[in-house]
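Participant:
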Amino acid sequence: MITCYLRYVIDPHKVPEFEEYARLWIPIVNRMGGTHHGYFLPSEGASNIELALFSFPSLAAYEDYRSRMAVDPECVAAYELDRRNRIIISYERSFMRPVLDA
Numbered sequence: 001m002i003t004c005y006l007r008y009v010i011d012p013h014k015v016p017e018f019e020e021y022a023r024l025w026i027p028i029v030n031r032m033g034g035t036h037h038g039y040f041l042p043s044e045g046a047s048n049i050e051l052a053l054f055s056f057p058s059l060a061a062y063e064d065y066r067s068r069m070a071v072d073p074e075c076v077a078a079y080e081l082d083r084r085n086r087i088i089i090s091y092e093r094s095f096m097r098p099v100l101d102a
């Protein structure tokens, strides 16, 4: 299993718009073979940092998801929402492997 950790820097005045964007992606990732673990919005501390975690069975499965995203109408619509609203300033993506209870 591979888990993608996304750290977003957003416009702090657009948290509600980011939440709308996030709610679009959770079912998309799940539909396309991943397991979305949720988005994490600010509560205390920095007001412009958002996190997301989702897993795929393998890096190859994630890469397949990425290639299918480019032509998936729901993915295109989600990207368009961000493009219109200019919510995300930047993001970084890291991949991790979990250590689970044996």
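Heads up, the sequence shown stops at 102 in the UniProt record's numbering, and the numbers go up one at a time, no gaps.
All residues carry an ideal CB built from backbone N, CA and C; glycine is no exception.
These figures come from a predicted structure and were not determined experimentally.
(1) Could you check what DSSP says for I10 in three-state terms: helix, strand or coil?
(2) So, at 8 Å on beta carbons, what are the nonlocal neighbours of P98 in its own chain, with the 5 sequence-adjacent residues on each side left out?
(3) Can you list, in chain order, the residues of its chain with a C-beta nearer than 8 Å to that of E92? Leave out the 5 residues immediately preceding and following it.
(4) Between the alpha carbons of G34 and I89, how many angstroms are there, rounded?
(5) In chain order, what are the residue ranges of uninterrupted alpha helix (DSSP H) at least 4 long that sit wholly in the segment 36-90?
(6) Closest by CA to L59, which one among S94, D101, E17, F18?
(7) Between the C-alpha atoms of Y62 and H13, what's the straight-line distance to the nearest angstrom?
(8) Take N48 as the anchor and find which of R86, D11, D101, I87 has the nearest alpha-carbon.
Facilitator: So, from the listed chains and residues:
(1) Here residue 10 refers to the residue found at position 10 of the sequence shown. In this structure, I10 counts as strand in the three-state DSSP scheme.
(2) The residue labelled residue 98 in the question sits at position 98 within the sequence shown. Taken in chain order, the residues that qualify are M1, T3, S55.
(3) Working through the sequence shown from its first residue, we reach residue 92 at position 92. L6, R7, listed in sequence order.
(4) Residue 34 sits at position 34 when you count from the first residue of the sequence shown. Residue 89 sits at position 89 when you count from the first residue of the sequence shown. Going by the C-alpha atoms only, they are around 25 Å apart.
(5) 59-69, 73-85
(6) Stepping through the sequence shown from its first residue, residue 59 is reached at position 59. Here the closest residue by C-alpha is S94.
(7) In the sequence shown, counting from the first residue as 1, residue 62 sits at position 62. In the sequence shown, counting from the first residue as 1, residue 13 sits at position 13. Each residue's Cα considered, the two are about 31 Å apart.
(8) For the purposes of this step, residue 48 is taken as residue 48 along the sequence shown, with counting starting at 1. Of R86, D11, D101, I87, the residue nearest in Cα terms is D11.
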